[in-house]
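For the sequence shown, the working numbering begins at 1 and goes up steadily by one.
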Amino acid sequence: MIKINTSRFGILEADEKKIIDFSDGLIGIPDLKRFILIDHKDTPLKWLQAVDDPDIAFIVAPPDLLAAEYSIDIDKPVKKHLQIDDNDENTVILVIVRVSGDDVIANFHGPLIINAANRKGVQIVLERSQKLTVG
1 MIKINTSRFG
11 ILEADEKKII
21 DFSDGLIGIP
31 DLKRFILIDH
41 KDTPLKWLQA
51 VDDPDIAFIV
61 APPDLLAAEY
71 SIDIDKPVKK
81 HLQIDDNDEN
91 TVILVIVRVS
101 GDDVIANFHG
111 PLIINAANRK
121 GVQIVLERSQ
131 KLTVG
């Protein structure tokens, strides 16, 4: 177990095996690579908390929670990096969510792709030409 100091949740204890490694960081914060998922009380949402910066945490959600249909094509280099295949049960896709007043805004063009088995993750940026279905 490790202790993680957070400004939002106080000091958390987490199993080191639960840390997700984003080796390339996330957009805008490339130096932060280690994150954990924390349940958002009484909702299906999660918090993605940076292990190495107490002030960085994002609300994340499975895209199908926010849109009836959401699908993306994950390219081969990403699959290779994460060690996943086309039908891998361990593949988790999350989108970063921002709540502004009564509005919920989801970043469907910058999803997080995580291999839950090996705890590797990446954030990809979908180009306008890439297949993205949101419905």
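The C-beta atom is built at its ideal place from N, Cα and C for all residues, glycine as well. All values reported here derive from a predicted model rather than from experimental measurement.
As computed with DSSP, K120 is found in a beta bridge with D21, N115. The closest CA to that of S23, considering only H81, D102, F9, V99, is found on H81. Taking all protein chains in view, the Cβ of R98 is surrounded by fewer than 16 other Cβ atoms within 10 Å, so the residue is classified as exposed. Going by C-alpha positions, Q49 is about 8 Å away from D55.
Closest in alpha carbon position to T43, among L66, Q123, R119, is L66. For L26, the secondary structure class from DSSP, reduced to helix, strand or coil, is strand.
When the beta-carbon positions are compared, A14 and I29 stay at least 8 Å from each other. By the CB criterion at 8 Å, P111 and P77 fall outside the cutoff. Under the DSSP assignment, K80 falls in the alpha helix (DSSP H) whose first and last residues are 76–82. Taking a 10 Å sphere around the C-beta of V51, we find 16 or more other C-beta atoms and assign the residue as buried.
Looking from the CA of A106, the closest CA among I84, I59, V92, V122 belongs to I59.
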